[in-house]
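Take a look at the structure below.
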Amino acid sequence: MNVSGALTLPLLLIAASPFAWAQSLGSAGTIHGTVTDPSGAVIAGALIEIHNPISSYTRQTKTGMDGKFQFGNVPPNPYHLRISMPGFRTVEKDVVTRGNVPVSLLIRLPLAGESTSITVEAGSADMVENVPYAHNDLDHSVYSKLPTTSPGSALTDAVTLGTPGVVADSNGLFHPLGDHAQTTFSIDGQPISDQQSKQFSTQIPLNAIQSMELITGSPSAEFGDKTSLVVNATTRSGLGLAKPSGSFRAQYGSFGTVGEEATFGMGGPKFGNFLVVNALRSGRFLDTPEFRPIHAAGNSGAIFDRVDWQPRDRDTFHLDLLAARNWFQAPNTYDQPLQDQRQKVFTLNVAPAYQHTFNATTLLSINGFVRQDRVNYYPSNNPQDDTPVTIGQRRHLTNVGFKADLAAVRGRHDFKTGVQLMQTRLDEAMSLGITDPGFNAVCVDRSGGPLDLPAVTGPGACAALGFEANPDLHPGLIPYDLTRGGALFRFAGRANINQFAWFAQDAITLGHLNLTAGLRVDRYDGLSSAFSAQPRAGGAYLIKRTGTVLRAGYSRTLETPYNENLILSSSTGAGGLARNVFGGFGAKPIQAGRRNQFNAGIQQAFDKALTVDADYFWKYTGNAFDFGTLLNTPIVFPISWRKSKIDGVSVRLSTPNLHGFQGFTTLGHTRSRYFGPSNGGLLFNSPLDTGVFRIDHDQAFQQTTHLRYQRKKNGWWFAWTWRYDSGMVAGAVNNLQDALALTGAQQAAIGFYCGSVFAAPGMPVTACDSSHYGATRLIIPSPGSADDDHNPPRIAPRHLFDIGFGSDSLYQRERFRVTLNVTVANLTNKVSLYNFLSTFSGTHFVGPRTYQAELGFAF
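Each residue of the sequence shown is one higher than the last, beginning at 1023 in my numbering.
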């Protein structure tokens, strides 16, 4: 961009202005300064604008009577700063907010009549970020137009669609870069590494978030616990609002889905408040084990409030409050017509924060937090209506802790050091009983079929009756088989997980070369103990002439166990609950994992129209984590495997706003190789195999393309989303014999056929002499070709298309406008699966075609 005018000292860092003491919460930054004329007199009413062309983040303000301006709560990114005033030349400048130390500026506007000129260069290099880690940014203006396909999971849906290398799974769950769910959310500086998908917890409302930095590359030393993906989120604030603003939206959609969303923000230079209230009900709340939902209604509600108070220039106080609830039915299969299991999840979060600015380059931040998830799983009133097991659960998970860090900018160095202390209090109780006599049959007939013999409780009696003992019998389960006079298994336990971390990191700028070096030290004391010093290092080099950034990084990380159901899972040992809690050997707590991660990437801008970011990752983990699922219920148990080797490539292509058109494409390829044996969990029929296999979230390729056109700001818009998944591993059907052993409903779920005969619920295919057999929704390896590592059975590939259209100003009157949003998800009504009879995920169908209309207003 070219700017004419004489710029005498146009932009200077200042150290003495009181404005330099303003701060922003978490990783968000602050840009502020003073605008003067050439004589040094302040200019009131100058228009200031910041803009990021890739994330679409845009803010405007005007200087006050004292010539000062401020942008608070600015997401970490590079921005174009533009200052204009009638009678003066326009000044434009690039600024970067990477930490939360304020960026302070003194800007002198030249008079319009002055003849000398200067060019502020802004080529394709402005489209890339010279940082040594892969990441992308999503702003509220972008993800507000993305489709939400899973009720109560808007946040994770946006992360899945907008992040390269992320595999979509059922119920809003996602798998980042080959791991199960190794994700840390940093919400305004509060670290949350526990599971956030709706069967575990509740989520912060998506309309409460201003922007997200999604880090998939080498994590800095500031982040620990679970680091395959770091979601660095900044919530919306009312601080600095000149006038109150808000919105209300009412929605109606398929499966009786109704919902309301409301926001309200107000504030001033010293105080701000932003409130969000959401509620939703759907007849298909969870993804279901049948294409058409059976017993799948649910509802969710959330209240989020952010309060900001700046009593003095050097001090700022913040408070985030969240109360949320999910209440839903556990979906049934055709084989469970009477089952009525339900789950309730309640979350409460209180997170105060304080920031103190010592001077223009040094900032202290302290974040405290108390967060609790309360989960209750209720069995059917009549245990015999549950099949094959009846189960009840109550668990509480409470995080209490604080994080404090000191950030300082000195010359070429951007340094930060800090500590984090946290205690996680676990309280678990569970009951379980078998209700299906064939689930753990003591005896089988000569063909291997299970026999209903309620009086037989030991395999030694089978031969006398003319039958054979079940070779797959779990003797430890017999006392809890209600069909054989057993009683419910009951478990209760409490434990505290204590964690301490210290970190130090430095970002060094040497011209176009940026280097980072850091060290994180973690101490983990819970059901197991671990200590680890973890070096982190990276480098990035900008070739400004071509708009190219080359980067590489190394990270050593300590991967902490999942906390959900950790006490029971740590009591089970090798092979899972069925082998050990019920008669046990080898039980030991789940240990922390230790990982070496290497990343190398390139970011390339093509003029000012397209940016391509590609990253290669390789992760080697000793003691790698996953979850085991209890049948098709939302109840899961953490497990660990001896080691994992994961590598792959993630790519993102994105455009700025080109005359109303904007889009992005994310791509990912991953190889997730795990090595047994396993430890912990509830793995019925899990072999103690020490060989290598592809874990169920391994997927060869996935991509998301999102295109949007909006000619005018707040005008009519149209969006199109295409998601392709090549299919995750589904290890339950390795050959024809495995398929024939399924029930009719299970065969129908995968679309199994033999010749021209297709299976149906209640009408299974029990024999197949034809060589023409297979499944429409599952890839069964050809005879003799199945291989756990190189050719496992997989879910069939799928293409899903979503469209959306609407207007941000259907009707406008002064500050009031009416909004409209219409979405059609799974436009072609594609029948496909996420997973099938997975030990780690169960069975879930992708949602059928759904319609949603949303009407509201904003001011």
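Built from N, CA and C at the ideal position, the CB exists for glycine as well.
- Burial is judged here by how many other beta carbons sit within 10 angstroms of a residue's own beta carbon; residue 1161 has at least 16 and is buried.
- Residue environment: residue 1477 is assigned as exposed (fewer than 16 neighbouring CB atoms within 10 Å of its CB, all protein chains considered).
- Of the candidates 1503, 1645, 1292 and 1724, 1503 places its Cα closest to the Cα of residue 1480.
- For residue 1223, the closest C-alpha among the options 1629, 1573 and 1174 is that of 1174.
- 8 Å or more divides the Cβ of residue 1421 from the Cβ of residue 1396.
- Counting only unbroken stretches of 3 or more residues, the beta strand (DSSP E) elements lying wholly within the region 1096-1129 are 1099-1106 and 1113-1119, in sequence order.
- Pairwise C-beta distances place the region 1573-1587 in contact with the region 1148-1157, as three or more of them are shorter than 8 Å.
- When the five nearest sequence neighbours on each side are left out, the beta carbons in the same chain lying within less than 8 Å of the beta carbon of residue 1508 are those of 1455, 1456, 1500, 1501 and 1502, in order along the chain.
- In this structure, residue 1749 places its C-beta atom within 8 Å of the C-beta atom of residue 1818.
- DSSP places residue 1785 within a strand segment (E or B) once states are collapsed to three.
- Under the three-state reduction of DSSP, residue 1170 is assigned to coil, being neither helix nor strand.
- Sorting 1119, 1528 and 1581 by C-alpha distance to the C-alpha of residue 1551 places 1581 at the top.
- By the neighbour-count definition (other C-beta atoms within 10 Å, threshold 16), residue 1617 is a buried residue.
- The C-beta distance from residue 1287 to residue 1881 rounds to 11 Å, too long to fall under 8 Å, and the pair is not in contact.
- Secondary structure at residue 1591: helix, using DSSP grouped into helix, strand and coil.
- Residue 1793 sits exposed, since fewer than 16 C-beta atoms from the chains shown fall within 10 Å of its C-beta.
- Looking at 1183, 1201, 1187 and 1200, the one whose alpha-carbon comes closest to that of residue 1194 is 1183.
- Sequence-distant Cβ neighbours of residue 1847 in its own chain, meaning closer than 6 Å and more than five residues away, are 1169, 1171, 1824 and 1872.
- When the alpha-carbon of residue 1271 is set against those of 1166, 1218, 1198 and 1399, the nearest one is in 1166.
- Residue 1764 sits in coil when the DSSP states are folded into three classes, being neither helix nor strand.
- Residue 1243 and residue 1152 have their C-alpha atoms some 18 Å from each other.
- Listed in chain order, the non-local C-beta contacts of residue 1451 below 6 Å within the same chain comprise 1416 and 1514, local neighbours out to five positions each way being set aside.
- In this structure, the straight-line span from the alpha carbon of residue 1198 to that of residue 1239 is close to 11 Å.
- Just so you know, the alpha carbons of residue 1203 and residue 1468 end up roughly 43 Å apart.
- Of the residues 1689, 1664, 1679 and 1371, the one whose Cα lies closest to the Cα of residue 1671 is 1689.
- Fully contained in the region 1366-1440 are the following beta strand (DSSP E) runs of length 3 or more, in chain order: 1384-1400 and 1411-1432.
- Contact between residue 1398 and residue 1351 is ruled out by a C-beta separation of about 13 Å, above the 8 Å threshold.
- In the DSSP assignment, residue 1162 falls within the alpha helix (DSSP H) that extends over 1162-1165.
- Here residue 1234 is buried, its C-beta having at least 16 other C-beta atoms within 10 Å.
- In the DSSP annotation of this structure, residue 1319 is not part of any alpha helix (DSSP H), being labelled neither H nor E.
- Here the C-alpha atom of residue 1868 lies approximately 57 Å from the C-alpha atom of residue 1088.
- Note: residue 1465 is bridge-paired with 1491 in the DSSP secondary-structure output.
- Judged by pairs of C-beta atoms under 8 Å, the region 1686-1701 touches the region 1719-1738, as three or more such pairs exist.
- Here DSSP, grouped into helix, strand and coil, assigns residue 1088 to coil.
- Under the DSSP assignment, residue 1180 falls in the alpha helix (DSSP H) whose first and last residues are 1176-1184.
- Within its own chain, the residues whose Cβ lies closer than 6 Å to the Cβ of residue 1305, once the five positions on either side in sequence are excluded, are 1277, 1278 and 1319, listed in chain order.
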